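Peer 1:
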Amino acid sequence: MTAPIWLASPPEVWSALLSSGPGPAPLLAAAGAWTSLSTEYAETADELTALLGSVQAGAWEGPTAESYLAAHAPYLAWLLQQSAESAARAAQHETVASAYTAAVAGMPTLAELGANHATHATLVGTNFFGINTIPIALNEADYVRMWIQAATVMSGYDGVATTTLSAAPDSTAAPTIMKADTTESSSSQPPTWFEDLQKYLEGLFPQPSYPDTGDFPLYQELLDFFDKIGFTDITDPFQGFFNWLNGAGASWLPPPGVPGSWLGWTGNPLSYLNPANIAYILSVPLDPGSFAAFTSMVIVDDMLAILYTAVFNPQALVLVVPLATVEMIGSTIGNTVQLLHYLIQQTVLVPVIAALAASSTLLAPPALLGGFGLAALAKLAPAAVAPVLPPAAPPPATPVVLTLPT
4 MTAPIWLASP PEVWSALLSS GPGPAPLLAA AGAWTSLSTE YAETADELTA LLGSVQAGAW
64 EGPTAESYLA AHAPYLAWLL QQSAESAARA AQHETVASAY TAAVAGMPTL AELGANHATH
124 ATLVGTNFFG INTIPIALNE ADYVRMWIQA ATVMSGYDGV ATTTLSAAPD STAAPTIMKA
184 DTTESSSSQP PTWFEDLQKY LEGLFPQPSY PDTGDFPLYQ ELLDFFDKIG FTDITDPFQG
244 FFNWLNGAGA SWLPPPGVPG SWLGWTGNPL SYLNPANIAY ILSVPLDPGS FAAFTSMVIV
304 DDMLAILYTA VFNPQALVLV VPLATVEMIG STIGNTVQLL HYLIQQTVLV PVIAALAASS
364 TLLAPPALLG GFGLAALAKL APAAVAPVLP PAAPPPATPV VLTLPT
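In our numbering, the protein residues as written are 4 to 409.
1) For the alpha helix (DSSP H) containing TYR345, name the first residue and the last one.
2) To the nearest angstrom, report how far apart ALA319 and ASP305 are at their CA atoms.
3) Just to confirm my understanding: we take ALA28, look at its own chain, exclude 5 residues before and 5 after, and list those with CB closer than 8 Å. What are they?
4) At the level of alpha carbons, what is the spacing between VAL261 and ALA308?
5) Buried or exposed, going by whether 16 or more other CB atoms sit within 10 Å of the CB of ARG92?
6) Helix, strand or coil: how does DSSP classify GLY260 here?
7) Take the Cβ of SER169 as the centre, count every other Cβ of all protein chains shown within 10 Å, and call the residue buried at 16 or more, exposed below.
8) Look at the alpha carbon of PRO214 and the alpha carbon of SER274, and state the distance between them as a whole number of angstroms.
9) Report back the beta-carbon spacing between VAL323 and LEU266 to the nearest angstrom; my notes put them in contact at under 8 Å.
10) When the Cα atoms are used, what is the spatial distance from VAL107 to GLY117?
11) Cβ atoms of PRO178 and MET149: under 7 Å apart, would you say?
12) Around the Cβ of PRO257, are there at least 16 other Cβ atoms within 10 angstroms (buried) or fewer (exposed)?
13) When DSSP labels each residue in this structure, what does GLN84 get in the three-state scheme?
14) From which residue to which residue does the alpha helix (DSSP H) around GLY117 run?
15) Taking its Cβ as the centre, do 16 or more other Cβ atoms sit within 10 Å of SER22, making it buried, or is it exposed?
16) Which value, in whole angstroms, describes the spacing of the CA atoms of ALA45 and THR98?
17) Indicate whether the contact test is met: 3 or more Cβ pairs, each with one atom in the segment 77–93 and one in the segment 32–39, closer than 8 Å.
18) Any idea what DSSP makes of ALA253, helix, strand or coil?
19) Quick check: is the beta carbon of THR238 nearer than 7 Å to any beta carbon in chain B?
20) Below 8 Å, how does it come out for the segment 290–303 and the segment 219–228: are there three or more Cβ pairs, yes or no?
21) So what's MET300 in DSSP terms, helix, strand or just coil?
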């Protein structure tokens with residue numbers, strides 16, 4: 004804004020706007036945050052400088068050490084630059100806060116302006132025969148002075164704030180320490196031919212939607228039964244190995260986005276004995292189409308994982324092949340149980356079993372059936388049995404009349 008615009012409004016406007024609000028506290032808090040950030044950048048730069056100095060002093064030798072130093076040089080320069088720029092931003096915030104404080108001190112207060120208006124009203128009200136003409140002129144001149152003073156203060160404050168803002172340096176992103184075209188980085192992205200093969204093979208088996216366990220009450224009944232008998236988890240002696248495989252040892256598996264990256268979970272044979280997994284495969288049926296799609300997709304993905312590992316990380320085959328085999332076997336067994344569940348439901352076996360369960364004195368109580376996870380069968384009505392009709396009574400015999408000859 005320019006000076007004529009500041010003069011366009013009365014001083015009451017600028018005095019009220021400038022004196023309202025939180026004041027310089029947010030600016031000073033931001034300055035403190037930038038100062039702390041500058042200190043952190045400087046400390047990090049000092050630590051990295053000491054580390055690079057020890058490497059350069061002979062702790063490491065050879066081209067690898069030289070490459071290490073060269074790779075970290077841009078990052079070290081960036082740390083030093085960010086430390087200096089953060090300190091500059093802190094100083095700029097302090098400058099604007101000081102300019103604000105000075106503007107508030109130089110701005111006519113609302114009390115002064117109110118007193119001027121009250122004096123002017125009194126002088127005008129008692130200006131009999133023009134006796135207050137000179138005092139009125141002096142009072143109005145003082146108000147003009149405060150008007151100009153308010154515009155001048157706002158112009159100066161605006162100039163300092165605008166100049167400081169325009170001088171703020173632009174933030175730059177940290178440079179990468181490892182180049183993007185290195186062998187390790189490029190190997191994580193599969194080539195086009197592999198992606199095309201993956202899309203083609205996975206496209207052969209359209210994936211149906213997974214069944215919702217909420218549609219199958221038996222799932223929750225089995226979980227409640229397992230919880231009642233204390234079967235809430237299993238002791239997994241392989242857990243430490245798979246924790247390492249999902250963390251520091253992730254380089255042994257295909258990278259994210261490539262089939263097989265999840266083998267750190269599904270390759271654990273004991274994961275299929277989890278209570279939730281057992282309850283799922285026993286309670287959720289799988290129709291033949293879904294069985295074929297799900298089973299085929301698992302096999303295709305595991306074979307792609309083995310192929311990717313053989314081409315790009317052959318030393319990891321010693322882990323990927325067994326893990327993929329475990330997943331294929333475990334998933335196929337679980338899917339087969341779900342398929343059998345579906346087939347049983349679609350045949351006459353369910354009414355027969357339900358009728359037997361309902362008529363048996365051993366399995367008839369619903370509580371006992373629920374204890375074995377058969378509460379769903381207990382709710383099924385037994386098959387209707389045609390009533391046995393009593394045998395019909397024989398027709399009455401015709402009496403035999405003997406006629407004697409005459």
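From the three backbone atoms N, C-alpha and C, an ideal C-beta is built for every residue, glycine too.
Quick caveat: nothing in here was measured; it's all calculated off a predicted structure.
Peer 2: Quick answer:
1) Sequence index remark: in the sequence shown, residue 345 carries index 342 (1-based). Run containing TYR345: 320–348, per the alpha helix (DSSP H) assignment.
2) Translated into positions along the sequence shown, residue 319 becomes position 316. Translated into positions along the sequence shown, residue 305 becomes position 302. Distance between the alpha carbons of ALA319 and ASP305: 14 Å.
3) Taking the sequence shown and counting its residues from 1, the one referred to as residue 28 is at position 25. Counting only Cβ-Cβ distances below 8 Å, and skipping sequence neighbours, we find nothing.
4) Walking along the sequence shown from the start, residue 261 turns up at place 258. Walking along the sequence shown from the start, residue 308 turns up at place 305. For VAL261 and ALA308, the distance between alpha carbons rounds to 7 Å.
5) The sequence position of residue 92 within the sequence shown is 89, counting from 1. Buried, because 16 or more other Cβ atoms sit within 10 Å of the Cβ of ARG92.
6) The residue given as residue 260 occupies position 257 in the sequence shown. Three-state DSSP puts GLY260 in coil, outside helix and strand.
7) As a first step, residue 169 must be located in the sequence shown, where it is residue number 166. Under this definition SER169 is an exposed residue.
8) Walking along the sequence shown from the start, residue 214 turns up at place 211. Walking along the sequence shown from the start, residue 274 turns up at place 271. Approximately 20 Å between the Cα atoms of the pair.
9) Counting from one through the sequence shown, the residue named residue 323 turns up at place 320. Counting from one through the sequence shown, the residue named residue 266 turns up at place 263. Indeed, because the Cβ distance is near 7 Å, the residues count as touching under 8 Å.
10) Numbered from 1 along the sequence shown, position 104 holds the residue referred to as residue 107. Numbered from 1 along the sequence shown, position 114 holds the residue referred to as residue 117. Those two C-alpha atoms are separated by around 17 Å.
11) Sequence index remark: in the sequence shown, residue 149 carries index 146 (1-based). Sequence index remark: in the sequence shown, residue 178 carries index 175 (1-based). Not closer than 7 Å, so no.
12) As a first step, residue 257 must be located in the sequence shown, where it is residue number 254. Classification for PRO257: buried.
13) As a working mapping, residue 84 is identified with position 81 in the sequence shown. Three-state result, GLN84: helix.
14) Residue numbering aside, residue 117 sits at position 114 when the sequence shown is read from its first letter. Unbroken alpha helix (DSSP H) run through GLY117: 113–128.
15) Counting from 1 along the sequence shown, the entry for residue 22 is found at position 19. It counts as exposed.
16) Taking the first residue of the sequence shown as 1, we reach residue 45 at position 42. Taking the first residue of the sequence shown as 1, we reach residue 98 at position 95. So the alpha carbons of these two residues sit roughly 22 Å apart.
17) yes
18) Numbered from its first residue, the sequence shown carries residue 253 at position 250. Looking at ALA253 - three-state DSSP - the assignment turns out to be helix.
19) The chain inventory of the structure shown lacks chain B, comprising one protein chain alone.
20) no
21) Working through the sequence shown from its first residue, we reach residue 300 at position 297. MET300 falls in the helix class under three-state DSSP.
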